[in-house]
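**Student:** Okay, handing you the structure first.
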Amino acid sequence: MAGLEVPCGETLGRHKVNGEVEMKKSSAFIMVVPGLVILAVCLFLPLLRVIVPTFSDGEYPFSAYISFFQDEYYMTIFFRTVKIALITTAVCMIGGVPTAYFISRCSKKWRGILLAVSIFPMMTNSVIRSFAWINILGSNGIVNRFLMAVGLADKPVKLLYTEFAIIIGSVYLFLPLMIVTVSGVMENIGDDMMEAAQSLGANRLIAFMKVIFPMSLPGIIVGGILVFTGTLTAYTTPQLLGGNTNMVMATFIYQRAMAVGDWNGAAVISLIMIVVTLIVIKGFNALANRLDRRGESNG
Amino acid sequence: MGKNKLLTAVAVLVFAFLIIPLCIITVTAFGGGSAITFPIDSFSLKWFANVFSLESFRNSFLTSLEIGLLATVIALLVGIPAAYALARSGMKGKGILKSVFLSPTIVPGIVIGFVLYQFLVLTLRIPVFAGLLAGHFMVTLPYVIRVVGSSLDQFDFSIEEAAWSLGCPKMKAFFRVVLPNITSGISAAFMLAFINSFNNIPVSMFLSGPGVSTFPATLMNYIEYNYNPTVSAVSVVLMAATMLIMVIVDKTLGIASLAK
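Heads up: the sequence lines are chains H and S, in that order.
Quick note, in the numbering used here, the first sequence goes up one by one and the last residue is 291.
Quick note, in the numbering used here, the second sequence goes up one by one and the last residue is 261.
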């Protein structure tokens, strides 16, 4: 999830001068080679080695993929995963964008404090963050005991091990990421924009909708990509909060490979996850770049 | 400047949503009963004692520390020169090369673990620990490339050129002029890469074996079979460590350096 950058400003170091000052091609080559070799041996080669055989698996080329998209059970898992990722992204935007805006309007001291409060959950292990929701949603958890104490339920309501639990856990996991990403962009917009809009007669809401929101839209899209792809590929939260009946793609890979021994099936799902991630990243990044006029110089 | 009430209300709700679950865990860690209850019936520190007495926790904690540090150091050794070359040279296809270096981020962690287990461990018979290290290298490398890269983008290379023109060899200029100017970027990259490796689970799911299991994976396994305040106590210990790290980072690099 680290691969995206909020498009902003023009990069320095462009003042590359001819001849002498530019780095020799051979020394640049030596500097990138070790990294490339490790990537090739420890990522690209294993990926190819595992995924390429799936193309010829079955009676005709790509039949493993065709039967994946024809299988009702597989499709249930695929669409469940996409649905959870979409809802999570929407909720993170609804909660995260106003919060980011709130942070960007605070004094410098409060901005630091609120940023720290947002970063802290990001630095906390996702097992712990999911565990928190087991305590809240479980049959003997806080919500159920409250419901029974006030008489709204006479037996525990099933909240844990549902899609709802995965969504809440995913929002909890990725909301800080949304806040931090968007507030970074909003801080760069600056107060003078807002003041200019207000002095020209716009009220706060209109100034936000017409000035701040459009200007931070590229950042919001980038935050959205991070949340969507993060949820789509998340393993820990669905495993702990979804249980065995609410499999998503990441937990399904593990189950196919380890419990069933269907290594080819796991490889098929792997490629589908990579392709969906790539499409979302490339597509929406292009959109963010187009919206971001300042990003033109970044190419 | 009049504060918008609706905006404040949303922000308060969001922060309450973020903080309260972690506060609940913290309280339950001090419970005296054998089941997790909130609020707690009695006060006890026994779950903390339990955390430190469990051998599987201790061993896996050391494994995670070792893997995280090794992966981060290797990623820095490999990533800093690469980031420098990407920022400095007029190589063709620089954009493509940068996306190659960031490509581990588009491969889901569980998939990285899966293909490394199949290829490195099962096919090439490389020890699980080395496979796990390779997986965590993929987690850490993009942070180094990105954070050190953005640090280099801010660096005024005319300083380095001044050193060259005064007769300083290029290698020496890199170590004496460039590196000291990007140390905050390197430190931030180190922290981010290490924390994310330490916390990572999906990459490690397949890459475990006898005596090789990361801390979060062990914790997750423990949760699936036990439901008692031991996990709450572990969480409190880890959160305290996280806070300590954040305070140190805030005092040295500024808290915003973790927001990358």
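Even glycine gets a Cβ: it sits at the ideal position worked out from N, Cα and C.
Beta-carbon separation of H/Met114 and H/Pro168 under 7 Å?
**Tutor:** Their beta carbons are under 7 Å apart, which means H/Met114 touches H/Pro168 by this criterion.
**Student:** For a contact defined as C-beta to C-beta under 7 Å, what are the partners of H/Val149 on chain S?
**Tutor:** Ordered by position in chain S, no residue passes the 7 Å Cβ test against H/Val149, which lies about 17 Å from the chain.
**Student:** Is it true that the CB of H/Ser208 sits closer than 7 Å to the CB of H/Leu177?
**Tutor:** The amino acid at residue 177 of chain H is misidentified as Leu; the sequence shows Val. Yes. Within cutoff.
**Student:** With a cut-off of 8 Å, do at least 3 Cβ pairs link the segment 48 to 63 of chain H to the segment 191 to 200 of chain H?
**Tutor:** The segment 48 to 63 of chain H vs the segment 191 to 200 of chain H: no contact.
**Student:** List, in chain order, every chain H residue whose beta-carbon is nearer than 9 Å to that of S/Pro211.
**Tutor:** Within chain H, no residue comes near S/Pro211; the closest Cβ sits about 16 Å away, beyond 9 Å.
**Student:** If we ignore side chains and look at the alpha-carbon of each, how far apart do S/Asp35 and H/Ala108 end up?
**Tutor:** The displayed chain sequence assigns Ser, not Asp, to residue 35 of chain S. Taking the straight line joining both Cα atoms gives about 34 Å.
**Student:** How would you list, in chain order, the residues of chain H whose beta-carbon sits under 9 Å from the beta-carbon of S/Ala189?
**Tutor:** Under the 9 Å cutoff, chain H gives no residues; its nearest Cβ is about 12 Å from S/Ala189.
**Student:** Among S/Leu259, S/Ala234, S/Ile246 and S/Leu8, whose alpha-carbon lies nearest the alpha-carbon of S/Phe49?
**Tutor:** Of the candidates S/Leu259, S/Ala234, S/Ile246 and S/Leu8, the one whose C-alpha sits nearest the C-alpha of S/Phe49 is S/Ala234.
**Student:** Consider the Cβ of H/Ala145: report whether some Cβ of chain S lies at a distance smaller than 7 Å.
**Tutor:** No, its Cβ sits nowhere closer than 7 Å to a Cβ of chain S.
**Student:** Based on Cα-Cα distance, which residue from S/Leu133, S/Gly132, S/Pro143 and S/Leu123 lies nearest to S/Leu103?
**Tutor:** For the residues S/Leu133, S/Gly132, S/Pro143 and S/Leu123, the minimum Cα distance to S/Leu103 belongs to S/Pro143.
**Student:** Would you tell me roughly how many angstroms separate the C-alpha atoms of H/Asp254 and H/Phe244, rounded to the nearest one?
**Tutor:** For H/Asp254 and H/Phe244, the distance between alpha carbons rounds to 11 Å.
**Student:** Cβ atoms of S/Ala30 and S/Ser198: under 7 Å apart, would you say?
**Tutor:** It is not a contact, given that the beta carbons lie outside the stated cut-off.
**Student:** Give a yes or no on whether 7 Å exceeds the smallest Cβ distance from H/Phe276 to chain S.
**Tutor:** Cβ-Cβ to chain S under 7 Å: no for H/Phe276.
**Student:** Going along the segment 8 to 26 of chain S in order, which residues come within less than 8 Å of chain H, judged by CB to CB distance?
**Tutor:** Answer in chain order: Leu8, Thr9, Val11, Ala12, Leu14, Val15, Phe16, Phe18, Leu19, Ile20, Pro22, Leu23, Ile25 and Ile26.
**Student:** I need the boundaries of the alpha helix (DSSP H) containing H/Arg196, first residue and last residue.
**Tutor:** Arg196 to Ala199 is the extent of the alpha helix (DSSP H) around H/Arg196.
**Student:** Apart from the five residues just before and just after S/Ser45, which ones in its own chain have a Cβ nearer than 6 Å to its Cβ?
**Tutor:** So the qualifying residues of the chain are Gly33.
**Student:** Less than 7 Å between the C-beta atoms of S/Val148 and S/Gly186, yes or no?
**Tutor:** Against a cut-off of 7 Å, the Cβ pair of S/Gly186 and S/Val148 comes out as a contact.
**Student:** If we define contact as Cβ-Cβ less than 7 Å, is S/Asn200 a contact residue for chain H?
**Tutor:** So yes, S/Asn200 belongs to the interface.
**Student:** Under 7 Å Cβ to Cβ from H/Tyr164, same chain only, skipping five residues before and after it: list those, please.
**Tutor:** Correct list, in chain order: Arg121 and Trp125.
**Student:** Counting only beta-carbon separations shorter than 7 Å, does H/Cys0 have a partner in chain S?
**Tutor:** Its pLDDT being 41, under 50, H/Cys0 is placed unreliably in this model, and the value from its coordinates should be taken loosely. H/Cys0 does not count as touching chain S.
**Student:** On the DSSP letters alone, give me the boundaries of the alpha helix (DSSP H) that S/Pro22 sits inside.
**Tutor:** Segment Lys6 to Thr29, the alpha helix (DSSP H) holding S/Pro22.
**Student:** Does the distance from the C-beta atom of H/Val29 to that of S/Ala86 stay below 7 Å?
**Tutor:** Against a cut-off of 7 Å, the Cβ pair of S/Ala86 and H/Val29 comes out as no contact.
**Student:** In the DSSP output, what is S/Gly210 paired with across the bridge?
**Tutor:** Answer is S/Val213, bridged to S/Gly210.
**Student:** Give a yes or no on whether the minimum CB-CB distance between H/Phe244 and chain S is below 7 Å.
**Tutor:** It does not; no Cβ of chain S falls within 7 Å.
**Student:** For H/Val135, which residues in chain S fall below 9 Å Cβ to Cβ?
**Tutor:** What H/Val135 touches in chain S: nothing, since even the nearest Cβ is about 11 Å away.
**Student:** Can the beta-carbon of H/Leu263 be found less than 7 Å from the beta-carbon of H/Gly161?
**Tutor:** No; because the gap between Cβ atoms is not below 7 Å, this pair is not in contact.
**Student:** Compute the beta-carbon to beta-carbon distance between S/Thr262 and S/Ser90, rounded to the nearest angstrom, for a pair I have assumed lies under 8 Å.
**Tutor:** Chain S is shown only over 2 to 261; residue 262 of chain S falls outside these bounds and no answer can be derived.
**Student:** Span of the alpha helix (DSSP H) holding H/Arg137?
**Tutor:** Start and end: Ile134 to Ala141.
**Student:** Any contact of the segment 217 to 235 of chain H with the segment 262 to 281 of chain H, i.e. 3+ C-beta pairs under 8 Å?
**Tutor:** Short answer: they touch.
**Student:** Given S/Ile111, which residues of its chain have a CB within under 8 Å of its CB, disregarding the five upstream and five downstream residues?
**Tutor:** The answer, listed in chain order, is Pro203, Val204, Met206 and Phe207.
**Student:** So, does the segment 178 to 195 of chain S touch the segment 115 to 122 of chain S, judging by three or more C-beta pairs under 8 Å?
**Tutor:** Taking 8 Å as the limit for Cβ pairs, the verdict is that the segment 115 to 122 of chain S does not touch the segment 178 to 195 of chain S.
**Student:** In the segment 73 to 111 of chain S, which residue ranges form an unbroken beta strand (DSSP E) of at least 3 residues, counting only runs that do not cross its ends?
**Tutor:** List check, beta strand (DSSP E) in window: nothing returned.
**Student:** Beta-carbon separation of S/Ile26 and S/Ser236 under 7 Å?
**Tutor:** Yes, the Cβ-Cβ distance between S/Ile26 and S/Ser236 is below 7 Å.
**Student:** What residue does the alpha helix (DSSP H) around S/Ile160 start on, and which one ends it?
**Tutor:** Taken as a continuous stretch (DSSP letters only), the alpha helix (DSSP H) holding S/Ile160 covers Ser159 to Ser166.
**Student:** Between S/Thr243 and chain H, is there a C-beta pair that is closer than 7 Å?
**Tutor:** Yes, because at least one Cβ of chain H sits closer than 7 Å to the Cβ of S/Thr243.
**Student:** Tell me whether S/Ile62 sits in a helix, a strand or coil according to DSSP, three-state version.
**Tutor:** The sequence as given places Phe at residue 62 of chain S; Ile does not occur at that position. Helix, per DSSP.
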